[in-house]
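Counting from 882, one number per residue, gives the positions in the sequence shown under my numbering. C-beta: ideal position from N, C-alpha, C; glycine also. What you are looking at is a predicted structure, and each value in this text was computed from that prediction instead of being measured. Shown next, in structure tokens, is the structure this report addresses.
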Amino acid sequence: MSTIIFAALLLNVFAFLTIVLRPKLFGVKLFKPMIWNFKLSLLPLLLLVVNVIIFYILVGLSVYKELNFIGNIAVIIFILGMAFWILLLPNSGYLITELNLTHRNVDEKEVPVWYDIVSVLSFALSGIVNTLLNIVVFQLLYLILFDPDVLLKREKTILMTSAVIIILLVSIGVYLGRAIRFNSWDIVHIFSFFKKLVSYFKEKEHIKDFVLFVFFHTVFFIIMYLSFGIQNYFDYLKYI
């Protein structure tokens, strides 16, 4: 597990530095949308960690004070937190769509293309790794809550299935954000959300574009998930 954490830390720090150092090195303006998207990419993991901490604090209070209603509140808050987390998670994967050099169009001065290639590539990779790290934390949470001691074939199947489902939802969310320009919080306006959604998919070419986008991005993220060996991260729990 340390591999994915270390990779996420290095890529996020490096990507952020390449963005903020760019104006200082080459005398151009800071491209603020990249900073905003970078912050949104980190938000799901922050929410997930905070949600888990609050849950265990409230459960601890419930047990210590012998107040069942606090435990019920903890469960409700936890479920709502996980719902918000899955809505925000596409913001991490969204960075893969930033793998372009369009921000060069607003530069007053010429920036070496090699610099932007490295910067944008690390930016996109940080989003990929952030997505995978979210999945790892979610799966670890599952093991702690349901079965921390035994990792049999059934549990590994559950972990892989959960990864595929989450990645599929992320790919769908990324498409909705990129193609229709939805934000995670647009779901609050449920009627206008679905009205815009239905209107968009009335065009047949949009349906084809959606299916292809989601399929290839899902396959890509699954390949990355397997490449990091995440499905084997929790084997050590068998020996604890």
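Test item: CB-CB of residue i and residue j under 8 Å
| i | j | result |
| --- | --- | --- |
| L970 | G1054 | yes |
| I885 | V1017 | yes |
| Y1081 | I1104 | no |
| F950 | N932 | no |
| Y1056 | F1091 | yes |
| A964 | V940 | no |
| F1019 | L961 | no |
| I1048 | T1099 | yes |
| V992 | R903 | yes |
| A1044 | Y996 | no |
Nonlocal neighbours in the same chain, by C-beta distance under 6 Å from residue i, ignoring five residues either side
| i | result |
| --- | --- |
| S922 | N972, S973, L976, G1008 and N1011 |
| N893 | S1007 |
| A888 | V1010 |
| K1089 | none |
| F1102 | I1048 |
Contacting residues, own chain, Cβ-Cβ under 7 Å from residue i (five flanking each side not counted)
| i | result |
| --- | --- |
| L968 | S1065 and I1068 |
| F907 | K990 and V992 |
| F897 | F919 |
| K1077 | I1061 |
Neighbourhood of residue i by C-beta distance below 8 Å, restricted to the same chain and skipping five residues each side
| i | result |
| --- | --- |
| I900 | L911, F912, M915, I916, F919, S1000 and F1004 |
| G952 | L939, V940, S943 and V944 |
| L1002 | L980 |
| L948 | L942 |
Minimum C-alpha distance to residue i - residue among the options
| i | options | result |
| --- | --- | --- |
| I998 | K1083, L982 and H1070 | L982 |
| L926 | L1013, V894 and L1024 | L1013 |
| E989 | V909, K1077, T978 and S1043 | V909 |
| L924 | I1111, K1085, N1015 and V1079 | N1015 |
| S1042 | F1072, E1084 and I1111 | This sequence places Thr at residue 1042; Ser is not what is there. Nearest of F1072, E1084 and I1111 to T1042, Cα basis: I1111. |
| F1075 | E1084, F1063 and K1085 | F1063 |
| L1026 | A896, F936 and S1108 | F936 |
heavy atom of the ligand ADP below 7 Å from residue i C-beta
| i | result |
| --- | --- |
| T1042 | Inclusion of the ligand ADP in the displayed structure is not the case, the ligand content being empty and no account of it being possible. |
Short CB-CB distance (under 8 Å) between residue i and chain B
| i | result |
| --- | --- |
| V1045 | Note that chain B does not occur in the displayed structure, where there is just one protein chain. |
What ranges does the alpha helix (DSSP H) occupy inside the segment 928 to 991, keeping only unbroken runs of at least 4 residues that lie completely in it? 949 to 969 and 971 to 974
Which whole runs of the alpha helix (DSSP H) in the segment 1004 to 1065 are 4 residues long or more, in chain order? 1034 to 1060
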